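Only one structure is covered here, and it is reproduced in the block below.
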Amino acid sequence: MAVRVTCTTRVEPTLRANLEGVAGKIRGQFVDAIVADARRYAPVDTGLLVSRITGNKTAGTISADTPYAAAQEFGAEEHLIEHAFGRDGWAGIVVHPGNAAQPYLRPAVNTKRSF
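The working numbering puts the first residue of the sequence shown at 41, with every later residue one more than the last.
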């Protein structure tokens, strides 16, 4: 899940460059703030999810790069996991009971901010 902030201007080139510089700075501040909040709101078991929440200030995107990031954000129904590694070692195929949603990105994005 990515969040993108885009600014488009149609003005005199010098003014445009100045506005884009300001917009880029504000975009970077938004990205930093959202990443910090998402890390704070993310559920922690091993810490992998929190460590993989990153932002790209230039593109204005935030991502959580784990196989289960979406399942944490939106929840998941019961499903099979092939080639699973459990507490007792390799289990082959296991039935995951599913999980309730534990949103961390949406609350971070929806937090009211002022800069």
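Beta carbons: idealized from backbone N, C-alpha and C, even for Gly. Quantities reported herein were computed from a predicted structural model and do not represent experimental measurements.
Leaving out five residues on either side along the sequence, give the residues of the same chain with a beta carbon under 7 Å from the beta carbon of residue i.
i      : result
Ala116 : Gly138 and Asn139
Glu118 : Val135, His136, Pro137 and Gly138
Who are the Cβ neighbours of residue i in its own chain at under 6 Å, not counting the five residues just before and after it?
i      : result
Pro143 : Glu113
Tyr150 : Position check: residue 150 holds Asn in this sequence, whereas Tyr was assumed. Cβ neighbours of Asn150 beyond the five flanking positions: none.
Is the beta carbon of residue j closer than 7 Å to that of residue i?
i      : j      : result
Thr101 : Leu89  : no
Ala148 : Asp72  : no
Ala124 : Val134 : yes
Ala104 : Ile121 : no
Gly68  : Lys97  : yes
Gly61  : Val75  : no
By the three-class DSSP mapping on this structure, what secondary structure does residue i have?
i      : result
Gly138 : coil
Ala158 : This structure cannot speak to residue 158, because the chain is shown only from 41 to 155.
Glu122 : strand
Gly61  : helix
Report the residue from the options whose alpha carbon sits nearest the alpha carbon of residue i.
i      : options                  : result
Val84  : Lys65, Glu122 and Tyr108 : Tyr108
Ser91  : Glu122, Arg79 and Lys97  : Arg79
Ser154 : Tyr81, Ala82 and Ile66   : Ile66
If we cut at 7 Å on Cβ distances, does residue i have a partner in chain B?
i     : result
Gly87 : Among the protein chains of the structure shown there is no chain B, as only one such chain exists.
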